[in-house]
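Q: In the working numbering, the protein residues as written are 3 to 106. Built from N, CA and C at the ideal position, the CB exists for glycine as well. Keep in mind the model is a prediction, meaning the values are calculated, not measured. Got a structure for you, written out below as structure tokens; questions coming shortly.
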């Protein structure tokens with residue numbers, strides 16, 4: 003427990019732990035994507051990873067039994083996925099073409 007509050011230290015430091023974990027995982031995925039795109043086409047690599055992610059998301063969504071989103075939500079989700087897919091493919095291409103530290 004921290005001296006300034008009555009809350010134990012675990013709930014207080016949980017957001018920081020999640021943030022640090024996210025930073026390391028995001029950096030590791032960027033490094034792996036950049037390294038993988040040196041050996042394969044960046045757009046093929048990104049398409050493959052997005053297909054795997056879509057399969058995982060659909061499996062999770064069907065097991066949760068939630069309500070189906072409306073058309074506007076589906077449109078924005080697909081648009082965000084397509085734009086994000088192209089942007090990450092371009093980023094992986096930049097990582098593969100030069101120095102990773104400079105492109106990152």
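1) Check whether the stretch 85-102 and the stretch 45-60 touch, using three or more Cβ-Cβ pairs below 8 Å as the test.
2) Give, in chain order, every unbroken run of the alpha helix (DSSP H) that is at least 4 residues long and sits entirely within the stretch 29-85.
3) In whole angstroms, what separates the C-alpha of residue 20 from that of residue 99?
4) Considering only the beta carbon of each residue, do residue 45 and residue 91 sit closer than 9 Å?
5) Whose C-alpha, out of 25, 16, 40, is nearest the C-alpha of residue 96?
6) Can you give me the C-alpha to C-alpha distance between residue 71 and residue 83, rounded to a whole angstrom?
7) So, using beta-carbon positions, are residue 35 and residue 94 closer together than 9 Å?
A: Considering the structure as presented:
1) They touch, by the three-pair rule.
2) The DSSP assignment places 44-66 as complete runs of the alpha helix (DSSP H) inside the stretch 29-85, in order along the chain (cut-off: 4 residues).
3) Here residue 20 corresponds to residue number 18 of the chain shown, with the count starting at 1. Here residue 99 corresponds to residue number 97 of the chain shown, with the count starting at 1. Separation of residue 20 and residue 99 (C-alpha to C-alpha, rounded to the nearest whole angstrom) is 32 Å.
4) Locating residue 45 in the chain shown gives position 43, counting from the first residue. Locating residue 91 in the chain shown gives position 89, counting from the first residue. Contact: yes.
5) Start at 1 with the first residue of the chain shown, and residue 96 comes out as number 94. Of 25, 16, 40, the residue nearest in Cα terms is 40.
6) For the purposes of this step, residue 71 is taken as the residue at position 69 of the chain shown. For the purposes of this step, residue 83 is taken as the residue at position 81 of the chain shown. Taking the straight line from one Cα to the other gives about 16 Å.
7) Locating residue 35 in the chain shown gives position 33, where the first residue counts as 1. Locating residue 94 in the chain shown gives position 92, where the first residue counts as 1. With contacts defined by Cβ atoms closer than 9 Å, residue 35 and residue 94 form a contacting pair.
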